[in-house]
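Written out below as structure tokens is the structure these notes cover.
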Amino acid sequence: MPYTLSDLRYLMRRLRDAETGCPWDVQQDFNSITPSTIEEAYEVVDAIENGERSQVREELGDLLFQIIFYSQLADEEGCFTLDDVIDGLTAKLIRRHPHVFPDGTLNSTRQEADVTVDVKAQWEAIKSQERKDKGLTALLADIPVGMPALTRAYKIQKRAASVGYDWPALAPLFDTLTDELSELREAVASNSSSAITDELGDLLFTVVNISRHLKREPESMLRGANAKFVARINTAASLAQEKNVNLKDLSEVELDALWQQAKVLLRKS
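In structure tokens:
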């Protein structure tokens, strides 16, 4: 018989038992396991991008364990339980999908799709109302500071665009990019550390804005660029090893020749 969610919850309670549980698990709290949560979320994404479904299954399990862990900690504090988490999530999703659940219950049905509904606009309007109900009146109040900076910049810009703070087209953004690059050059020429930091940040923020206008998610694009670079430099290193040479000993011209060869090989693979 396969294990179930009930078994996993029981296992978590056993791990947290002060007398017979695991010493490490007993010592943990909300703050101590957050680094693991971030790591597990990234490992899920990595498995998905690698296309390994068995790995995705395993990493989803690790991420689920984080949710079970937090819920157990909260249950011990008397704050909430896993059932509360599931109940709140289900209610929220029903509320945010009135075009699917028209009477606001899980058992409601719709006879046919309402093609007049702008689902995206409706979703944002409902989320906006939820923020107001929570007292989050500031436009950007609920965008987590701890979120990866590229993703946070993307969300900030998207939220700002929803109230009109946006470029009307892509072309002016390219002009802004040119301006920001020019300002960075000036900062470098002035050798001002604070100015360089400031202008580099502005440049990155503008690049994210361009990606948003092109409907590309910057975090995933940069991961793709990272993966491409890693593949090329690893291939170049392998080519150098075949020639019994060290990359550190090669000239700029020789390094570039290996790089170009690596690009050709990877395109063929």
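According to my numbering, the sequence shown is numbered sequentially starting from 703.
Glycine residues also receive a C-beta, built at the ideal position from the N, C-alpha and C atoms.
Secondary structure at N809: coil, using DSSP grouped into helix, strand and coil. Taking the CA atoms as reference points, F732 sits about 46 angstroms from R969.
When the five nearest sequence neighbours on each side are left out, no beta carbon in the same chain lies closer than 7 angstroms to the beta carbon of T736. The region 919 to 937 and the region 851 to 859 touch, with no fewer than 3 CB-CB distances between them shorter than 8 angstroms. In the pairwise beta carbon analysis, the region 767 to 786 is classified as not touching the region 797 to 807: fewer than three pairs are separated by under 8 angstroms.
Rounded to the nearest whole angstrom, the CA to CA distance from E741 to E760 is 14 angstroms. Secondary structure of N752 (DSSP, three-state): helix. In its chain, beyond the 5 residues on either side, D731, F732 have a beta carbon closer than 7 angstroms to the beta carbon of L775.
Excluding the 5 residues flanking it on each side, R716 has same chain C-beta neighbours closer than 8 angstroms at T722, G723, in chain order. Secondary structure in the region 731 to 807: the alpha helix (DSSP H) runs of 4 residues or longer, each lying completely within the stretch, are 732 to 752, 755 to 779, 784 to 798 in chain order. Assigned with DSSP and collapsed to three states, T899 falls in helix. By the C-beta density criterion, F876 is exposed, having fewer than 16 other C-beta atoms within 10 angstroms.
Within the same chain, and ignoring the five residues on either side of A862 in sequence, the residues whose Cβ sits closer than 8 angstroms to its Cβ are L841, L842, D868.
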